[in-house]
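Report on the structure given below.
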């Protein structure tokens, strides 16, 4: 063992009930030492390993140790680098471990595969009460798997799925499960992509669910239709005590409907800082690189049709490219922020680093779009952008005026013809939107489209 491994091993081996190894730059090697000590320690019940650099190898080692350890009840692994492989190992352990009550895996690198593995384990695990999978990359598939688990699991009382990529389909699946689940009391689902359809499904679940006491739906895309459905649910639900709907798209009409429907049980209702739904409609249409190539080939070669008498006119490549530019149909990278606007930490700035083209050629940036939504209509409509080359040298820094302003929503679209620096951008270049440090900001988005 190295000195750092020995230190981690000794601290775990000699720990009493509680041990914190947070923010100590522990990597997989140190995590493996921790795992070895857990096999021998018989008294520690709570272990904090958050904000380290533990990846899949370290997670696998810890998971293996928990097959033998019979005393650890609370494990905190948030803010590490654990992906689906590590989650799979942990899931396999959850199938046989009978002592772990709390597991935090939020802010790692889990996708649908990791979520599905853990969900499958929950169908047989009977002791885990608190599970946090927030701030990962879980989508609707992972949510559907979790929903299937909730239909049969009788132990889980607190579930965190916030800060993922779950939309209406995932929300609808979970809502169906909540109609059957009788043990979950706290459900955290904020900062996802849930709209009215998902909110309406959750509302239907709240009409029959009698175990949930706290639901957090902050920072989604719920509008008045979803709000009206939730209001109707509150008229019959008698167990919910806390409901959060901050930072959605609910107008005064929806807010009044919910506020008017609250009963004596609902003592904590938070529904403020609503975004104009126009902001979400202005976000660019998404197209994959494969989509773009398919359309481009159709324009210059024509489709393969069963009816050979039907055909599209074939176009020169330069005209086809112009059509696609005008249609705004190209892939891109989008970064969106809906919180932490008052923090000046560098990591809170929206940044896009240009990737390599899927065909190996140099990419060409076609457009940059920045969007900001405020509470205050009097806010400035200026965006500040910084462009750095692959060596980190600043190649452009300046203010960009909005090209579209509507009430408190500001949008700027930059084209190569107006900003020649765009023509120079290539793989490795970084575009950064300077943060707007104001409490009134509700949403910022940076999108870079390229071919």
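Residue numbers (our numbering): 7 to 457.
Even glycine gets a Cβ: it sits at the ideal position worked out from N, Cα and C.
These figures come from a predicted structure and were not determined experimentally.
- The shortest C-alpha to C-alpha distance from residue 201 to any of 255, 156, 216 and 240 is the one to 255.
- Going by DSSP, residue 18 is part of the alpha helix (DSSP H) stretching over 9-19.
- Annotated three-state conformation of residue 415 is strand, per DSSP.
- Contact between residue 218 and residue 184 holds, with the beta-carbon distance rounding to 7 Å and staying under 8 Å.
- Sequence-distant Cβ neighbours of residue 25 in its own chain, meaning closer than 8 Å and more than five residues away, are 17, 18, 50, 52, 53 and 54.
- Note: residue 43 is not bridge-paired with any residue in the DSSP secondary-structure output.
- Between the alpha carbons of residue 428 and residue 421 lies a distance of about 7 Å.
- Within the same chain, 90 and 143 come within 6 Å of residue 117 by CB-CB distance, once the 5 residues on both sides are set aside.
- Inclusion of residue 122 and residue 145 in the CB contact set at 8 Å is not warranted, their separation being larger than that value.
- Just measuring C-alpha positions, the residue of 94, 9 and 106 sitting nearest residue 81 is 106.
- Annotation: the continuous alpha helix (DSSP H) that includes residue 287 extends over 284-287.
- In this structure, residue 100 lies near residue 124, with their beta-carbon atoms less than 8 Å apart.
- For residue 374, the pairing in a beta bridge is given by DSSP as 420 and 454.
- A direct Cα-to-Cα measurement between residue 158 and residue 224 gives close to 27 Å.
- Buried is the label assigned to residue 42, since at least 16 other Cβ atoms lie within 10 Å of its Cβ.
- Note on geometry: alpha-carbon atoms of residue 360 and residue 229 lie some 34 Å from one another.
- One alpha carbon belongs to residue 381, the other to residue 448, and they sit about 7 Å apart.
- The segment 387-406 and the segment 250-270 do not touch, with fewer than 3 CB-CB distances between them shorter than 8 Å.
- Taking a C-beta distance under 8 Å as the contact criterion, residue 233 and residue 263 qualify as a contact pair.
- Under DSSP, residue 362 forms no beta bridge with any residue.
- Taken in chain order, the complete alpha helix (DSSP H) segments of 4 residues or longer contained in the segment 160-240 are 174-184, 202-214 and 230-240.
- DSSP places residue 104 in the coil class of the three-state scheme, outside both helix and strand.
- Going by beta carbons, residue 28 and residue 60 fall outside the 8 Å limit.
- Taking a C-beta distance under 8 Å as the contact criterion, residue 450 and residue 369 do not qualify as a contact pair.
- In this structure, residue 205 sits near residue 235, with a CB-CB distance shorter than 8 Å.
- A direct Cα-Cα distance of roughly 20 Å separates residue 281 from residue 355.
- Taking C-beta separations shorter than 6 Å and ignoring five residues to either side along the sequence, the partners of residue 69 in its chain run 95, 96 and 99, following chain order.
- Under the 10 Å beta carbon count, residue 138 is surrounded by 16 or more other beta carbons and is classified as buried.
- Excluding sequence positions up to five before and after residue 241, its CB lies within less than 7 Å of the CB of 267, all in the same chain and listed in chain order.
- Residue 128: member of the alpha helix (DSSP H) spanning 118-128, first to last residue.
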